[in-house]
Amino acid sequence: MRNRREFYISDDGIRIHAKLDFPENTCAEECLEESCKLPLMILIHGFTGDMEERHIVAVQRTANQVGFAVLRAEMYGHGMSGGAFCDHTLFKWMSNAMAVIDYARTLDFVSDLYLCGHSQGGLLTMLAGAMESDRIRALLPLSPASMIPQTAREGELLGVPFDPAAIPMEIDAGKSLLIRENYIRAAQMIDVDLAISRYKGPVLIVHGTGDESVPYHYSEEIAAKYADARLVPVPGDSHCYDFHLEQVTEAVRAFLLEMTGRKPD
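FYI, in my numbering the residues of the sequence shown are 488 to 752.
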């Protein structure tokens with residue numbers, strides 16, 4: 488496709504699978520070689536997910552439609568990226584995210600950087616946004632799994648209880664997937680409130696009120712803590728927006744248009 492590039496970004500030897508999509512009627516080569524300017528959204532999937540999930544692609548296409556380039560990236564142990572799923576941790580994902588942001592900053596066409604992620608990718612968006620707060624124009628956490636560090640400290644992960652002071656070697660993540668103890672050990676050390684306090688820019692949170700994987704009230708709590716956040720509920724919808732995905736994309740569309748100073752059609 489003229490308006491897409493597929494490639495890998497290196498993070499200390501780990502290959503991060505990425506796709507860079509440009510708005511329709513925009514040539515990738517021309518943007519990369521000439522002096523056009525576009526905002527860029529970095530878009531990250533969730534736990535066990537990948538860049539081709541229905542809700543990820545829908546957000547990518549929406550951002551492209553309003554004039555954004557979109558850089559989708561698959562984190563450690565997911566999709567076509569390097570590393571084994573069982574060995575992934577939030578620390579490794581944070582390192583991957585910083586490598587992706589560093590790559591994006593080398594692109595001359597980029598006018599502003601936006602960071603968007605779903606579920607664990609939404610939590611990653613919050614953490615990376617704090618680390619890169621001077622470089623990220625806005626955050627868009629979608630159904631963010633902000634409770635992972637808290638529940639890991641309390642002794643629960645994926646609905647599996649454990650002794651937080653005697654962490655098991657492995658936990659069954661379902662679908663024959665195992666995660667190892669280092670995932671829990673890393674999660675226990677993450678301070679979500681600190682990350683929230685460090686980011687002062689605009690934040691859009693979209694969350695289904697019927698989400699059973701990450702209950703909606705967690706997003707109500709984090710929205711209240713951010714300096715400049717708005718929370719858009721999707722009534723009755725699930726974690727991956729199985730029923731009202733169009734409400735998610737419309738919220739993203741309106742937010743991006745507002746951020747770029749344009750009015751909805």
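Just so it is clear, CB atoms sit at the ideal spot from N, CA and C, and this is done for glycine as well.
Query - Reduced DSSP category for F742 - H, G, I as helix; E, B as strand; rest coil - result: helix
Query raised in the report: What whole-angstrom Cβ distance do G646 and P628 have, given they're in contact under 8 Å?
Result: Between P628 and G646 the Cβ distance is about 22 Å, and since that is not below 8 Å, they are no contact.
Query raised in the report: What separation, rounded to the nearest whole angstrom, lies between the Cα atoms of V690 and P631?
Result: 12 Å
Query raised in the report: With burial defined as no fewer than 16 other Cβ atoms inside 10 Å of the residue's Cβ, what is the status of F494: buried or exposed?
Result: exposed
Requested in this report: Within the same chain, show all residues whose beta-carbon is closer than 6 Å to that of Y703, passing over the 5 residues directly before and after it, in chain order.
Outcome: H694, T696
Query raised in the report: What did DSSP end up calling F534 once you bin it into helix, strand or coil?
Result: coil
Requested in this report: Could you work out which residue in G533, C573, V587 is closest to V557 when comparing CA atoms only?
Outcome: V587
Query raised in the report: Hey, quick one: how far does the alpha helix (DSSP H) through S497 stretch, first residue to last?
Result: Per DSSP, S497 belongs to no alpha helix (DSSP H); it is in the beta strand (DSSP E), 491-498.
Requested in this report: Starting from S598, trace the beta strand (DSSP E) both ways and give me its first and last residue.
Outcome: 597-605
Query raised in the report: In whole angstroms, what separates the C-alpha of Q637 from that of R489?
Result: 44 Å
Query raised in the report: From which residue to which residue does the alpha helix (DSSP H) around E708 run?
Result: 704-712
**Report entry** Enclosing beta strand (DSSP E) for P636 [first to last residue]
**Finding:** That residue, P636, is in no beta strand (DSSP E); its alpha helix (DSSP H) goes 635-641.
Report task. Entirely within the region 653-680 and at least 3 residues each: give me those beta strand (DSSP E) ranges in chain order. Result -> 657-661, 664-667
Query raised in the report: At what residues does the beta strand (DSSP E) containing R624 begin and finish?
Result: 623-629
Query raised in the report: My guess is that L530 and R548 are in contact by the Cβ rule of under 8 Å, so how many angstroms apart are they, rounded?
Result: Their Cβ separation, rounded to whole angstroms, is 11 Å, which puts L530 and R548 out of contact at 8 Å.
**Report entry** Beta-ladder partner(s) of V647, from DSSP
**Finding:** L644
Report task. Taking 8 Å as the cut-off, decide whether the C-beta atoms of M676 and E668 are in contact. Result -> no
Query raised in the report: On the three-state DSSP scale, how would you describe M613?
Result: helix
Query raised in the report: Can you round the beta-carbon distance between M528 and Y590 to whole angstroms, since I take them to be within the 8 Å contact cut?
Result: Contact flag wrong, Cβ pair sits at about 14 Å.
Query raised in the report: Hey, out of F578, I623, E733, P648, whose CA is closest to R592's CA?
Result: I623
Requested in this report: Compare the Cα-Cα distances from D508 to each of F742, R502, C518, H575 and report the closest residue.
Outcome: C518
Query raised in the report: Which term fits S663, buried or exposed, when burial requires 16 or more other beta carbons within 10 angstroms of its beta carbon?
Result: exposed
Query raised in the report: Which stretch, first to last residue, makes up the alpha helix (DSSP H) that contains D508?
Result: Segment 501-508 is the beta strand (DSSP E) holding D508; no alpha helix (DSSP H) there.
Query raised in the report: When you compare only the Cα positions, how much space is there between S598 and G554?
Result: 12 Å
Query raised in the report: Closest to F596 by CA distance: which of D498, G748, V701, K524 is it?
Result: K524
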